[in-house]
Structures are given as structure tokens and as C-alpha cells.
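Participant: Chains as they are written, first to last, in my numbering: chain A, 2 to 440; chain P, 58 to 117.
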Amino acid sequence: MSTSGPTPPGKPQTRALNCPGCGAALTVRSFNNAVTIVCDSCHSILDAKDPNLQILQQFKAATDKDRPLIPLGTRGKIRGTDYEVIGFERRTIHVEGVAYSWHEYVLFNPYKGFRYLTEYDGHWNDCSTLKALPDVVSFSSPPKVKYLGETYKHFQTARASTSFVLGEFPWQVRVGESVEVSDYVSPPRVLSSEQTGNEVTWSMGEYMLGKDVWKAFRLSGSPPEAQGVYENQPSPMSGEVKSIWLTFAFLLLALVVLMIGFDLSAQNKEVFTGYYKYDSNQRGEASFVTDDFEVKGHTSNVELKTTTDLNNRWIYLNYALINETTGQAFDFGREVSFYHGYDSDGSWSEGSANDTVAVPSVPPGRYYLRVEPEGDPAYGMTYYTITVKRDVPQYSFYGIALGALLLPAILLSWRALSFEHLRWAESDHPMITTSGGDE
Amino acid sequence: MRVLYILYGSAVLVGLSIAQYQGWSLARVNEVKNVPRSVRDNPGSYRSVYSSYHHYTGGK
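In C-alpha cells, the structure reads:
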């Protein structure tokens, strides 16, 4: 939001005055510095530079009255300087037939001059006029300006009209007067230009929390809750996204180092191989046990690989890895099937003639396998090989860990993007445009 | 936030290290205690919990 141009402040004077419109006593807080005064009773706009307080404009405030959240005359400390609220106005823009209004408070300090507070839907900005002009960044889309080394992106341009005034102003204020306002944002700051004819005034605003305004002016109660996302509201995720992705890069590096470390230190040792055949036509007990074998080292996995000559067939193998000494068994079943063919869609295949499974957390000891094959009696003979390996790295865990590390970074980035999407949705440059969009 | 993420990421990596060292697996395996020694001589006396598994019968 923006403010109109200032008048250099002078030493404050007080004088007993009455409104020429209604006769009510006027409280004048910055007499020599105000250009216009608005009567608190009849809302007549008076020429403060005229000794007789000539009435410049009379407007009907009864139906359109607005009450300042910070009462006129309230004193507070902004950036270490005491200021008094001397003026209040409401300004309105119309976008696609919808009216949006915000409030501006004129603050005055006899030595520091004027500054302004703006409020829209619970969002506050501390504003002051610029002493130098921003530089326009050439060939930028959307338009950008640069001020004190910081680049500001164009947010919105609209025609703003003054719809309510109260108190004192350092410019010739009128209800109904309108200016073209352009806002350029670089959260938490905003640069605003106000153009009337050939005259352009620039101001800078910095986002303030309502509770900080309340604290500065020692106001009772609590400020109105901020609604939605404001144009220069700093993102709560600002700076966090870059930081979290940088941390992710370090964690990913640690993950790779762990993977290399476990790969190099794993036994990955073959401890048993057996060649078998299964005749599904043959009746009787199909189960058998293998020779025993030694599983060494700390408690770790045992990988069992079944290699078959299956061709458009299946075989089911009930396995039990049994510790010869303790009687502890790891019981599991594996179906191996491989089918392939050719149809109107072309060639196809399904399954595999080989199967691998990792038996988890197997303590060291002497083991044997109990194997019970099953198959369709029509298939006949199946040849298969069983290979057992000790302490084999499981890469699926690296995938799960990678996903777990990525998840918070992706969620935070998504939240940050959603925040920016909401910010720019109200601008002239929304991030996502609809077919009837205005960009 | 960064500190929380570092703590979370470290926990993930510690969990991964334990899983790799202990040889965890995603496979469905049933652990059975005190299998009798007689199974060595009579494999048919052992009944696998997976023996009633519904087998695939198919192809495309």
C-alpha cells in the first residue's frame, strides 16, 4: 500500500480552533505541518494552511463511517522513535468488480516527521516515503524495480480512491480522489508508487505483525487476526527450503557412505549350493532335507536363491531353514513361475524362472534346509538349484531410507510453494492462470 | 526446522544401519521354535505353515 507525499515537518504549535462547518472544537496535533484537517464531528475537510480553516470538502460520513483501530492521538514507539497517530483514511481499489479496502494511519513526530501504518485484513505495514527513486529493471517480465540493491517484483497496479478520512494530513486529502497505485514486492518489504498526472511518489513498507503494532502503541485487547497471505508477508518457510535441501544433500552423502561401507564389510558369502529335480508325476513324500552348512558371523540375513528351468510352468517350494543345534526354524514359501507367449499385442512374459529371498536376522550356527516342492502333476520334471548366501546387503532399505529423507524436504518445499501460490493468486501475475485468467 | 531435520535424518540413517547390520528383510518369514531333531531323518513329519498356500495357476 502506498501513501501520498510528505511535507517537511516544522516545530509543532498548538492553537484553539473550531470547525467552521459545525463549530466543534478541533484537536490539532501538528498544526504547522498539516496541510488538511478533517473535523471529527462533521467530517468537513479543512485547509490547515488557511487562517480561517476554509472548508475544502464536505462529505457524508454517516453511512460510510469507519473507526480507526488505533485511535487518533495514540502515541507509540516505532523503530525507537515516538510517534502520534494524527490521521486516518480508508482507501479502496476495485478488481474485477470487487472492492478491496485498506486503512492508512498518519503518524507524526515533530523531529522525525511523518510515517505511515497501513492495515489490510489484519496485515500491517510500516511505511515511509523514499528519498531516492528506484531503478527500473529493463526487459523484465513481470516488471521489476531495484532499490538499495534489492530487486522488487511487480505485484499489482490498480486505481485507488480515498473513501474515508479523519484527522490531519500532510497533503491535500479529498474523499473520492484517486491515484494509480503500483506495488512491487520483495518480502518482507514492498515498494509502492502513486501516480497522479505526471507526479509519482514512492514509499517503502515493511511487514509488521499485528501484535507488534499493539505492543508499540500499548493498545488493549488483541489485534484482528490476519486473513490469508498478504503481498509482502514473509513466508514462514523463507530460507528453510534452501537449508533443508542442503541438509538433505549431506544426509544423502552419508547414506551413500553407509551403503559403500556395508557393501564392503558384508560377508556376502556362499555357504551352500544344491542341485535338485522334482517330478510332479511321482506320488509319495516330496519333502527332503539338504546337507547341513555353517552360517558364520554376527546375526545377519541369509539369502536363498532358487534357479529353475521353468518354462510356462510354476513350482511352489516350502522352505524351512532349521538350526541343527537349537531347533529354531525360519519357515517360508516361495512360488516360482515363468510364463511367456505371443498374442495380438505382441510378445509377453510374466514372472521369472528364478527367485531370491532374504531370511532376516539369522543367528550364526549349523543349519540345514527342509524343502517341500509342489507342482502341477501334468508338468513332470523340474530341475532347480538352491544357493544360500550369508550376510547379503539389502538395497531395498536404501530406497526406503532415501524416501524417508526426501519426504520432509518435499513437504516443506510444497508448503513454501503453496504459500507463494496464495500470495501471487491476488496479484496481476498469478502462478497458475485459468483459461479466463487475467495474465 | 533444520535441527529437527538433522535429528530425523540421523535417526533414519541409524535405523538403516541397524537394519543392514542385523540383516533385516522385508520377506514374510515365520519363525518356529524347537523343531524336533527327528525332522532331519523324517522330513515329512514337519508341516510348513505355508503348505496350504494358494498356488498360481496361470500365465496371461
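Glycine is no exception: its CB is placed at the ideal position from the N, C-alpha and C atoms.
Can the beta-carbon of Asn110 of chain A be found closer than 8 Å to that of Thr119 of chain A?
Facilitator: Walking along the first sequence from the start, residue 110 of chain A turns up at place 109. Walking along the first sequence from the start, residue 119 of chain A turns up at place 118. Not closer than 8 Å, so no.
Participant: For Arg318 of chain A and Gly101 of chain P, what's the separation of their Cα atoms in angstroms?
Facilitator: To locate residue 318 of chain A, count along the first sequence from 1; it is residue 317. To locate residue 101 of chain P, count along the second sequence from 1; it is residue 44. For the record, residue 318 of chain A in the displayed sequence is Leu; it is not Arg. Taking the straight line joining both Cα atoms gives about 14 Å.
Participant: Under a three-way DSSP split, which group does Gln77 of chain P fall into?
Facilitator: In the second sequence, residue 77 of chain P corresponds to position 20, counting from 1. Helix at Gln77 of chain P.
Participant: Return the CA-CA distance between Ser45 of chain A and Arg175 of chain A, expressed in angstroms with no decimal places.
Facilitator: The residue given as residue 45 of chain A occupies position 44 in the first sequence. The residue given as residue 175 of chain A occupies position 174 in the first sequence. Here the C-alpha atom of Ser45 of chain A lies approximately 10 Å from the C-alpha atom of Arg175 of chain A.
Participant: Does Glu241 of chain A have its Cβ less than 8 Å from a Cβ in chain P?
Facilitator: On the first sequence, position 240 is the one that residue 241 of chain A refers to. Closer than 8 Å to some Cβ of chain P, the Cβ of Glu241 of chain A qualifies, so yes.
Participant: Between the Cα of Phe289 of chain A and those of A:His104, A:Glu105, A:Arg371 and A:Val36, spot the shortest distance and give me the residue it belongs to.
Facilitator: Walking along the first sequence from the start, residue 289 of chain A turns up at place 288. Selected option, being the one with the closest Cα: A:Arg371.
Participant: Please name the residue, chosen from A:Phe339, A:Thr357, A:Tyr277 and A:Gly275, that lies closest to Trp349 of chain A on a Cα-to-Cα basis.
Facilitator: Here residue 349 of chain A is taken as the residue at index 348 of the first sequence, counted from 1. Of A:Phe339, A:Thr357, A:Tyr277 and A:Gly275, the residue nearest in Cα terms is A:Phe339.
Participant: Which residues of chain P have a Cβ atom closer than 8 Å to the Cβ of Asn199 of chain A, listed in chain order?
Facilitator: Start at 1 with the first residue of the first sequence, and residue 199 of chain A comes out as number 198. Within 8 Å Cβ-Cβ: nothing; Asn199 of chain A doesn't reach chain P, min ~49 Å.
Participant: Where does Ala35 of chain A fall in DSSP's three states?
Facilitator: Along the first sequence, read from residue 1 onward, the residue named residue 35 of chain A stands at position 34. In this structure, Ala35 of chain A counts as coil in the three-state DSSP scheme.
Participant: Looking only at C-alpha atoms, which of A:Val180, A:Ser179, A:Glu105 and A:Val191 sits nearest to Val146 of chain A?
Facilitator: Position 145 of the first sequence holds residue 146 of chain A. Measuring from the Cα of Val146 of chain A, the nearest candidate turns out to be A:Val191.
Participant: Look up Pro7 of chain A in the DSSP assignment and say whether it is helix, strand or coil.
Facilitator: As a first step, residue 7 of chain A is located in the first sequence; it is residue number 6 there, counting from the start. With a pLDDT of 49 at Pro7 of chain A, under the threshold of 50, the modelled position of this residue cannot be trusted; read the value that follows with caution. Pro7 of chain A falls in the coil class under three-state DSSP.
Participant: Listed in chain order, which residues of the region 78 to 103 of chain P have Cβ atoms closer than 8 Å to some Cβ of chain B?
Facilitator: In the displayed structure, chain B is absent; the protein chains listed are A and P.
Participant: Whose Cβ in chain A lies nearer than 8 Å to the Cβ of Leu64 of chain P?
Facilitator: In the second sequence, the residue the question calls residue 64 of chain P occupies position 7. Chain A residues near Leu64 of chain P: none, gap ~11 Å exceeds 8 Å.
Participant: For Glu427 of chain A, which three-state DSSP category applies?
Facilitator: Taking the first residue of the first sequence as 1, we reach residue 427 of chain A at position 426. Of the three classes helix, strand and coil, the one that applies to Glu427 of chain A here is coil, per DSSP.
Participant: Mind listing the chain P neighbours of Thr248 of chain A? Cutoff is C-beta to C-beta under 9 Å, in chain order.
Facilitator: Residue 248 of chain A sits at position 247 when you count from the first residue of the first sequence. Correct list: Arg59, Tyr62, Ile63 and Gly66.
Participant: Taking Cβ to Cβ, would you say Val186 of chain A is nearer than 8 Å to Glu241 of chain A?
Facilitator: Residue 186 of chain A sits at position 185 when you count from the first residue of the first sequence. Residue 241 of chain A sits at position 240 when you count from the first residue of the first sequence. Against a cut-off of 8 Å, the Cβ pair of Glu241 of chain A and Val186 of chain A comes out as no contact.
Participant: Among the candidates A:Leu406, A:Arg91, A:Leu167 and A:His341, whose CA atom is the shortest distance from the CA of Ala161 of chain A?
Facilitator: For the purposes of this step, residue 161 of chain A is taken as residue 160 along the first sequence, with counting starting at 1. Cα-wise, what sits closest to Ala161 of chain A is A:Arg91.
Participant: Of all the CB atoms in chain P, is at least one closer than 8 Å to the CB of Gly334 of chain A?
Facilitator: Within the first sequence, residue 334 of chain A is the residue found at index 333, counting from 1. Chain P, which has a Cβ nearer than 8 Å to the Cβ of Gly334 of chain A, makes this yes.
Participant: Hey, how far is the Cα of Ser353 of chain A from the Cα of Trp246 of chain A?
Facilitator: The sequence position of residue 353 of chain A within the first sequence is 352, counting from 1. The sequence position of residue 246 of chain A within the first sequence is 245, counting from 1. Each residue's Cα considered, the two are about 39 Å apart.
Participant: If you measure between the beta carbons of Thr248 of chain A and Gly66 of chain P, is that distance less than 8 Å?
Facilitator: Counting from one through the first sequence, the residue named residue 248 of chain A turns up at place 247. Counting from one through the second sequence, the residue named residue 66 of chain P turns up at place 9. Contact: yes.
Participant: Below 8 Å on the Cβ atoms is my contact criterion, and I expect Ile56 of chain A with Gly22 of chain A to pass it. Report the Cβ-Cβ distance as a whole number of Å.
Facilitator: Numbered from 1 along the first sequence, position 55 holds the residue referred to as residue 56 of chain A. Numbered from 1 along the first sequence, position 21 holds the residue referred to as residue 22 of chain A. The Cβ separation is near 5 Å, so the contact holds.
Participant: Can you tell me the Cβ-Cβ gap for Ser204 of chain A and Ser193 of chain A, rounded? I've got them flagged as a contact below 8 Å.
Facilitator: Walking along the first sequence from the start, residue 204 of chain A turns up at place 203. Walking along the first sequence from the start, residue 193 of chain A turns up at place 192. With 8 Å as the limit, Ser204 of chain A and Ser193 of chain A qualify as a contact, their Cβ atoms being about 5 Å apart.
Participant: With H, G and I counted as helix, E and B as strand and the rest as coil, what does DSSP make of Phe333 of chain A?
Facilitator: By 1-based counting over the first sequence, the position of residue 333 of chain A is 332. Looking at Phe333 of chain A - three-state DSSP - the assignment turns out to be strand.
Participant: By DSSP, does Met238 of chain A sit in helix, in strand, or in coil?
Facilitator: If you number the first sequence from 1, residue 238 of chain A lands on position 237. Coil at Met238 of chain A, not helix or strand.
Participant: So the beta strand (DSSP E) Trp203 of chain A belongs to, where does it begin and stop?
Facilitator: To locate residue 203 of chain A, count along the first sequence from 1; it is residue 202. Trp203 of chain A -> beta strand (DSSP E) spans Glu200 to Met209.
Participant: Mind listing, in chain order, the continuous beta strand (DSSP E) runs of no fewer than 3 residues lying wholly within the region 151 to 236 of chain A?
Facilitator: 151 to 170, 179 to 187, 190 to 197 and 200 to 209
Participant: Cβ closer than 8 Å: which chain P residues qualify as neighbours of Phe416 of chain A?
Facilitator: Within the first sequence, numbered from 1, the residue matching residue 416 of chain A stands at position 415. Correcting the residue type first, residue 416 of chain A is Arg in the shown sequence and not Phe. Ordered by position in chain P, no residue passes the 8 Å Cβ test against Arg416 of chain A, which lies about 11 Å from the chain.
Participant: Taking the beta strand (DSSP E) that Gln58 of chain A falls in, what are its first and last residues?
Facilitator: Here residue 58 of chain A refers to the residue found at position 57 of the first sequence. Unbroken beta strand (DSSP E) run through Gln58 of chain A: Ile56 to Gln58.
Participant: Would you list, in sequence order, the uninterrupted beta strand (DSSP E) runs of no fewer than 3 residues that lie entirely inside the region 305 to 353 of chain A?
Facilitator: 314 to 324, 330 to 344 and 347 to 353
Participant: Applying a beta-carbon distance threshold of less than 7 Å, which residues of chain P neighbour Glu286 of chain A?
Facilitator: Here residue 286 of chain A corresponds to residue number 285 of the first sequence, with the count starting at 1. Result: Gly101.
Participant: So if I threshold CB-CB distances at 9 Å, which residues from the region 352 to 376 of chain A count as touching chain P?
Facilitator: Gly352, Val358, Ala359, Val360, Pro361, Ser362, Val363, Tyr369, Arg371, Val372, Glu373, Glu375 and Gly376
Participant: Check distances from the C-beta atoms of the region 312 to 334 of chain A to those of chain P and list, in chain order, the residues that come in under 7 Å.
Facilitator: Asn313, Trp315, Tyr317, Asn319, Ala321, Ile323, Gly328, Gln329, Ala330, Phe331, Asp332, Phe333 and Gly334
Participant: Is Leu118 of chain A close to chain P, meaning its C-beta is less than 8 Å from at least one C-beta of that chain?
Facilitator: Taking the first sequence and counting its residues from 1, the one referred to as residue 118 of chain A is at position 117. Chain P, which has no Cβ nearer than 8 Å to the Cβ of Leu118 of chain A, makes this no.
Participant: By DSSP, does Val86 of chain P sit in helix, in strand, or in coil?
Facilitator: Within the second sequence, the letter at position 29 stands for residue 86 of chain P. Coil.
Participant: Could you tell me whether the Cβ atoms of Thr388 of chain A and Lys297 of chain A are closer together than 8 Å?
Facilitator: As a first step, residue 388 of chain A must be located in the first sequence, where it is residue number 387. As a first step, residue 297 of chain A must be located in the first sequence, where it is residue number 296. Cβ distance not < 8 Å, so Thr388 of chain A and Lys297 of chain A don't count as in contact.
Participant: By Cβ distance below 8 Å, which residues in the same chain neighbour Ala49 of chain A in space, the five residues on each side in sequence not counted?
Facilitator: In the first sequence, counting from the first residue as 1, residue 49 of chain A sits at position 48. Answer for Ala49 of chain A: Val29, Phe32, Ala35, Val36, Thr37, Ile38 and Glu169, listed in chain order.
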